[in-house]
Amino acid sequence: MKQNMIESLLEEKIGLDTAAIGRKVIENAIRQRMDRCRLTSLRAYAKILSDSNDEWKNLIEMVVVPETWFFRNRKVFNYLVHFVKDSWEPKNRGRTLRALSIPCSTGEEPYSIAMAFLDADINKDRFHIEGMDISEEAIKKARLGEYGSGSFRGKDLTFRDRYFRSKSHGYQLLEHVREKVQFKAGNVLKTPFAARAPFDVIFCRNLMIYMSPEARDRTLETMSRLLSETGIFFCGHAERQTALDWGFEAVHETGVFACRKRCRESNPKRPSVAAKRMSSKQQVPEKKIAPIRKPVVPVDFPSGRPIERPKPAGPEVGVPTSQEKADLFLEAREMADQGLLPKALELCQDFLGENPVHADAHFLMGLIHETFNNNDKAEAFFNKAIYLNPEHVEALNHLAFVESQRGNEEGAERLRRRAQRISRGTMHRAP
Ligand SMILES: C[S@@+](CC[C@H](N)C(=O)[O-])C[C@H]1O[C@@H](n2cnc3c(N)ncnc32)[C@H](O)[C@@H]1O
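The sequence shown begins at 13 in my numbering and counts up by one.
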């Protein structure tokens, strides 16, 4: 068995798209596993793989990207609470809300859901949360509830004082939050899927960006099956368009990448996967921000400087407030998501005029120029984003893509490795 056969089997088993994480990452993972098994021949390692389910698990642990943190994209959790209190609760008196986080990685996402509900005074007996991930290692860590500094990012960390106890090497999540989440190891592609439907809330963020088109389709089919008719489905920034193309309906809230099922009347019969693939080959592609451009970690704009919050004093009429400026950036992103690229470019340029050192805005400019096939400009913007934030993993990955398009495979590989190191390094900070 050659590496590309192992890659095909990884795609079949867990949906992994080699291009999305880079062949080198898979090659390194195989090498490390061969070293652990004291093997020097790929053929011998392939033999072990074909005989042992455990070795597959070991290899899968090496290729998955467990990057996550508490309250990743805070707006999503604010919106979730608003949805539950204003929409779900009035229609579901006496019922228990059921939420699913898949993939949940090391637990930060489902625990954030629990903390958001507790902060909003939602009765702890009125919600039940499940977390699932293919990585058994991640699930073990999630159950432990011990976290290092890499799990706490962003400005507002007040939740840490409320829900964690400080330990010598990190933070321990308090029992009353831990007990609100049930964890299970599970593969989203496995049928019959282990989780019990229906769920009122599903988080499936930053999984499909690593998947092949077939695996994304299967994942979305599963999500649709698991989501209740009035439920809400949160995906990642770069994934929402895929969900909409598949047949979900957008929830129009800037910066919150949510969808719901289409109501039956307005749900046109979805074309079969094969038909869709056929027709997409025939169509001229729409100019939209490419949802995935070989990222090793999600394109979720997590790592730039924080967007300014409003200052208390009222501004002069016509002068934008900090909040308006922040909204301008969110609006630019939203426009880009919708494929309105000239408008997005314009808004983002305006925003940069006021905030010239905003790493994520430079990154967005890079994405837009990349979509326009304007590689020189894209490169300049990605470089600026990296200059402002040397750990901007997404910018590193996109720059790697630009380099590889130019035929500079060595440079591209260097950038990818740097991104991978940063991404793994964050994980290793956890105890
Ligand atoms: C980047 S993390 C996302 C965690 C969280 N949803 C977030 O956005 O912060 C991706 C996770 O997907 C998991 N994963 C990959 N393939 C999977 C599959 N086929 N089924 C379930 N989980 C999978 C990985 O183990 C990894 O923990």
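Ideal Cβ placement from N, Cα and C applies to all residues, glycine included.
Keeping to the same chain, check which residues put their C-beta closer than 8 Å to that of residue i; ignore five residues upstream and five downstream.
i      : result
PHE89  : PHE83, SER124, ILE125, ALA128
ARG436 : none
PHE164 : TRP81, PHE82, ARG172, TYR183
LEU22  : LEU28, THR30, ILE38, LEU71, ILE72, VAL75
LYS281 : Per-residue confidence for LYS281 stands at a pLDDT of 45, beneath the threshold of 50, marking its modelled position as unreliable; the derived number appears in the next sentence. Closer than 8 Å at the Cβ level, and outside the excluded window around LYS281, lies no residue.
Could you check if residue i belongs to the surroundings of ligand 1, using beta carbon to heavy atom distance under 8 Å?
i      : result
GLY248 : yes
TRP81  : yes
CYS49  : no
ASP145 : yes
GLY198 : yes
SER99  : no
LEU219 : yes
ALA227 : yes
ILE244 : no
VAL76  : yes
ALA150 : yes
PHE215 : yes
SER224 : no
GLY162 : no
ARG450 : Limits of the chain in this structure are 13 at one end and 443 at the other, which puts residue 450 out of reach.
LEU28  : yes
SER113 : yes
LEU232 : no
LEU201 : yes
CYS116 : yes
Suppose the cutoff is 7 Å on Cβ atoms and the five residues either side in sequence are ignored; what does the same chain contact list for residue i look like?
i      : result
GLU425 : LYS36
ALA356 : ALA344, MET347, ALA348, ILE380
ARG155 : PHE195
ASP362 : LEU340
SER236 : LYS273
ASP212 : TRP100, LEU109, ARG110, ALA111, SER240, GLY243
LYS97  : ALA132
THR80  : SER117, THR118, GLU120, GLU121
LEU408 : ILE398, LEU427, ARG430, ALA431
ILE26  : ILE72, ILE146, ASN199, LEU201
LEU51  : TYR57
GLU19  : THR30, ILE38
GLU265 : TYR91
What residues are listed by DSSP as bridge partners for residue i?
i      : result
SER180 : SER180 pairs with nothing; no bridge assigned.
ALA371 : According to DSSP, ALA371 bridges with nothing at all.
ALA56  : Paired residue(s): none; ALA56 is not in a bridge.
TYR159 : TYR183
MET223 : LEU28
LYS196 : MET144
CYS216 : CYS247
PHE393 : In DSSP, PHE393 forms no bridge with anything.
PHE211 : LEU239
Is the beta carbon of residue i within less than 8 Å of some heavy atom of ligand 2?
i      : result
GLU121 : This structure simply doesn't include ligand 2; it includes ligand 1 instead.
Which residues in the same chain have their Cβ closer than 6 Å to the Cβ of residue i, if we skip the five residues on either side of it in sequence?
i      : result
GLY182 : GLU158, TYR159, GLY160, PRO443
MET439 : Summary for MET439: the model assigns pLDDT 38, below 50, so the residue's position carries little reliability, and this model does not support an answer.
ASN387 : VAL414
VAL369 : LEU400
VAL93  : ALA128, ALA132
LEU364 : ALA373
GLU149 : GLU73
PRO115 : ASP145, LEU219
Does any C-beta atom of chain D lie closer than 9 Å to the C-beta of residue i?
i      : result
ILE398 : Included in the structure is just one protein chain, with no chain D present.
Ranges of the alpha helix (DSSP H) found wholly within the segment 72-153, counting only runs of at least 4: Listed in chain order, they are 86-95, 120-131.
Unbroken stretches of the alpha helix (DSSP H), 4 residues or longer, contained in the segment 227-276: Segments of the alpha helix (DSSP H) lying fully in the segment 227-276: 252-258.
Segments assigned alpha helix (DSSP H), at least 4 residues, entirely inside the segment 384-433: Correct list: 387-400, 405-417.
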